[in-house]
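S.K.: Quick one: the structure is below, and I'll ask about it shortly.
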Amino acid sequence: MASKKNKKENEIEENYVDFQVERNDDDKNDRKDKAPEDSAEEKKKTWKDFFINLQTISLTDKIFFIQNLRVMLKSGLSLSRSMKIIASQIPNKYFKDILECVSRDIEKGILFSESLKKYPRIFNDLFINMIGAGEISGDLEGVLEKLHVQMKRDHDLIAKVKGAMVYPLVVMVAMLGIGAAMIVFVVPKLVSIFEEFQADLPLPTRMLIKTSKFITYNGMFVIFLLIVSIAAFIKFARSRRGKKILHKFFLSAPILGRISKKINIARFCRTASSLLKTDIPIVKSLEITSSVVGNFYYQEALKKASQKIVKGMQINQILSESPKLFPLTVIQMIKVGEESGAIDSVLDEVAEFYEEDVNQVMETLPSVIEPILILILGLGVGAMAVAIIMPMYSLTQTF
1 MASKKNKKEN
11 EIEENYVDFQ
21 VERNDDDKND
31 RKDKAPEDSA
41 EEKKKTWKDF
51 FINLQTISLT
61 DKIFFIQNLR
71 VMLKSGLSLS
81 RSMKIIASQI
91 PNKYFKDILE
101 CVSRDIEKGI
111 LFSESLKKYP
121 RIFNDLFINM
131 IGAGEISGDL
141 EGVLEKLHVQ
151 MKRDHDLIAK
161 VKGAMVYPLV
171 VMVAMLGIGA
181 AMIVFVVPKL
191 VSIFEEFQAD
201 LPLPTRMLIK
211 TSKFITYNGM
221 FVIFLLIVSI
231 AAFIKFARSR
241 RGKKILHKFF
251 LSAPILGRIS
261 KKINIARFCR
271 TASSLLKTDI
281 PIVKSLEITS
291 SVVGNFYYQE
301 ALKKASQKIV
311 KGMQINQILS
321 ESPKLFPLTV
331 IQMIKVGEES
341 GAIDSVLDEV
351 AEFYEEDVNQ
361 VMETLPSVIE
371 PILILILGLG
381 VGAMAVAIIM
391 PMYSLTQTF
């Protein structure tokens with residue numbers, strides 16, 4: 001029974017390593033030395049299993065996991081037993097199998113945080129380090145509560161941003177759809193009329209007709225070019241140079257810049273506060289926080305801050321070197337927190353202030369963007385309509 005159990009466990013873990021986890025060099029060597037029968041079993045994986053392994057785990061699933069784990073530990077259940085119960089309630093098969101593997105690791109005597117490190121794409125540094133701090137302090141239940149609050153705040157913030165961006169995206173898609181429909185279906189029918197009467201076409205109409213003919217005759221090429229362009233843009237956006245350019249634009253854009261700064265400050269303060277409350281050293285806290293904030297320039301500023309603190313500088317002094325990223329009010333409040341020895345509480349208050357500010361901005365954003373989008377939509381459709389109507393009007397004047 002024990003050998004079968006171990007064999008199944010190894011199969012599951014190797015399955016997820018191959019598709020989701022980047023192991024260290026020792027893990028790679030272990031996979032090279034695995035038994036022939038394990039390799040044979042891997043070849044029997046079905047396409048269904050392959051697609052299951054490529055699933056992602058939503059933030060909602062992680063919040064459900066943390067919340068239920070805290071409640072079960074509070075009620076007196078053991079950690080491994082709690083993990084098994086939660087795994088049985090998780091609909092995501094990928095997440096379910098990971099939790100079952102972690103539960104078995106715990107039964108073997110492996111630390112909870114150490115087992116989670118096997119899945120770095122699922123559990124980030126913030127998650128793992130807070131769990132580790134809870135294990136060391138013996139207050140895992142309290143740390144789980146702080147982690148739950150942190151993740152819930154992140155979820156609410158992301159949901160607000162996504163919700164505010166739905167309307168603009170719908171309008172933009174509608175605008176592109178209307179334009180494409182006119183170019184592909186309406187313009188070609190009018191071209192034959194214009195050619196029959198040999199009308200003298202104005203420049204806007206000639207440009208529209210040439211565009212329509214190119215798209216109509218080279219439809220597959222246009223689609224291919226569009227896909228390649230999107231793929232190239234995504235690759236560029238993920239590169240270091242791309243992040244520097246795009247994130248600088250996000251910070252400097254009129255409306256988007258203010259929102260981006262507030263979101264990054266809120267995440268910085270919330271994450272750093274949560275880590276400091278679990279007694280993680282300030283240097284380590286800033287290193288972890290730098291990987292959580294989304295903007296490249298905030299990441300670099302926090303990495304430099306973690307390095308300079310080792311030399312004896314205070315956080316407020318370091319952040320004051322980046323006035324475009326951190327407002328004076330934030331720096332002054334952090335200074336007060338450092339002087340009073342309550343930096344974690346101050347960061348918590350700053351995070352709440354900026355999170356509330358972001359919520360208010362996101363609630364009013366659609367009403368601000370709506371007239372701008374309608375104007376752009378009207379100009380685009382109007383320009384096409386004018387290009388079509390002008391020669392038709394000339395034809396009516398001729399007769």
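Using UniProt numbering, the letters of the sequence shown correspond one by one to residues 1 to 399. Backbone N, C-alpha and C define an ideal beta-carbon position, used for all residues, glycine too. Remember, predicted model here, so these are calculated numbers, not experimental data.
Please report the straight-line C-alpha distance between lysine 44 and isoleucine 215, rounded to a whole angstrom.
M.R.: Here residue 44 refers to the residue found at position 44 when the sequence shown is read from its first residue. Here residue 215 refers to the residue found at position 215 when the sequence shown is read from its first residue. Because the pLDDT of lysine 44 is 44, which lies under 50, any placement of that residue in the model is unreliable, and the question is left without a value.
S.K.: How would you call leucine 205, buried or exposed, if buried means at least 16 neighbouring beta carbons within 10 angstroms?
M.R.: Indexing the sequence shown from 1 puts residue 205 at position 205. The sequence shown places threonine at residue 205, not leucine. Counting Cβ neighbours within 10 Å, threonine 205 comes out buried, since at least 16 surround it.
S.K.: Could you pull the start and end residues of the alpha helix (DSSP H) that residue 400 belongs to?
M.R.: Absent from the structure is residue 400, since the part of the chain shown begins at 1 and ends at 399.
S.K.: Drop a sphere of 10 angstroms on the beta-carbon of arginine 240, count the other beta-carbons inside from all chains shown, and report buried for 16 or more, exposed for fewer.
M.R.: In the sequence shown, residue 240 corresponds to position 240, counting from 1. Counting C-beta atoms within 10 angstroms of its own C-beta, arginine 240 has fewer than 16 neighbours from the protein chains shown and is therefore classed as exposed.
S.K.: Under 7 Å Cβ to Cβ from isoleucine 128, same chain only, skipping five residues before and after it: list those, please.
M.R.: By one-based count along the sequence shown, residue 128 stands at place 128. Cβ within range, chain order: Ser113, Leu116, Lys117.
S.K.: How long is the line joining the alpha carbons of glutamate 141 and glutamine 67, rounded to whole angstroms?
M.R.: Position 141 of the sequence shown, counted from the start, is the residue given in the question as residue 141. Position 67 of the sequence shown, counted from the start, is the residue given in the question as residue 67. Roughly 10 Å between the two C-alpha positions.
S.K.: With a Cβ-Cβ cutoff of 7 Å, do alanine 87 and lysine 96 count as a contact?
M.R.: Within the sequence shown, numbered from 1, the residue matching residue 87 stands at position 87. Within the sequence shown, numbered from 1, the residue matching residue 96 stands at position 96. Yes; because the gap between Cβ atoms is below 7 Å, this pair is in contact.
S.K.: Distance, Cα to Cα, lysine 28 vs proline 120?
M.R.: Position 28 of the sequence shown holds residue 28. Position 120 of the sequence shown holds residue 120. Residue confidence for lysine 28 is low, a pLDDT of 41 falling below 50, so the modelled location carries little weight; the figure read from the coordinates is stated next. So the two alpha carbons sit approximately 15 Å from each other.
S.K.: CB-CB under 8 Å to alanine 383, same chain, minus the five flanking residues each way: which ones, in chain order?
M.R.: Residue numbering aside, residue 383 sits at position 383 when the sequence shown is read from its first letter. Same-chain partners within the cutoff: Pro204.
S.K.: With a Cβ-Cβ cutoff of 7 Å, do alanine 342 and serine 322 count as a contact?
M.R.: Start at 1 with the first residue of the sequence shown, and residue 342 comes out as number 342. Start at 1 with the first residue of the sequence shown, and residue 322 comes out as number 322. No, the Cβ-Cβ distance between alanine 342 and serine 322 is not below 7 Å.
S.K.: Check whether the segment 345-362 and the segment 156-164 touch, using three or more Cβ-Cβ pairs below 8 Å as the test.
M.R.: The segment 345-362 makes contact with the segment 156-164: 3 or more CB pairs, one atom from each, lie closer than 8 Å.
S.K.: For the segment 256-269 against the segment 349-359, do three or more pairs of beta-carbon atoms, one drawn from each stretch, fall closer than 8 Å, so that the two count as touching?
M.R.: yes
S.K.: Return yes when the Cβ of glycine 242 is within less than 7 Å of the Cβ of phenylalanine 250, no when it is not.
M.R.: Along the sequence shown, one-based indexing puts residue 250 at 250. Along the sequence shown, one-based indexing puts residue 242 at 242. No, these two residues do not count as a Cβ contact at 7 Å.
S.K.: Between Pro327, Leu225, Pro202, which has its C-alpha nearest methionine 390's C-alpha?
M.R.: Translated into the one-based positions of the sequence shown, residue 390 becomes position 390. It is Pro202 whose Cα lies nearest to the Cα of methionine 390.
S.K.: Is DSSP giving methionine 313 helix, strand or coil here?
M.R.: In the sequence shown, the residue the question calls residue 313 occupies position 313. DSSP places methionine 313 in coil when its eight states are reduced to three.
S.K.: Count the other C-beta atoms from every protein chain shown that fall within 10 angstroms of the C-beta of residue 426, then say buried if there are 16 or more, exposed otherwise.
M.R.: A query on residue 426 cannot be resolved here, the shown segment of the chain reaching from 1 to 399 and no further.
S.K.: In chain order, what residues of the same chain have a beta carbon less than 8 Å from the beta carbon of isoleucine 374, not counting five sequence neighbours either side?
M.R.: Translated into the one-based positions of the sequence shown, residue 374 becomes position 374. Closer than 8 Å at Cβ, skipping near neighbours: Val171.
S.K.: Please report the distance separating the alpha-carbon of glutamine 89 from that of leucine 59.
M.R.: Your numbering for residue 89 matches position 89 in the sequence shown. Your numbering for residue 59 matches position 59 in the sequence shown. It is roughly 16 Å from the alpha-carbon of glutamine 89 to the alpha-carbon of leucine 59.
S.K.: Compare the Cα-Cα distances from aspartate 125 to each of Ser291, Ile331, Asn316 and report the closest residue.
M.R.: On the sequence shown, residue 125 is found 125 positions in, with the first residue counted as 1. Comparing Cα positions, the closest option is Ser291.
S.K.: Using C-beta distances below 7 Å, list every residue in its chain close to leucine 190, excluding the 5 sequence neighbours before and after it, in chain order.
M.R.: As a first step, residue 190 must be located in the sequence shown, where it is residue number 190. Closer than 7 Å at the Cβ level, and outside the excluded window around leucine 190, lie Ile388.
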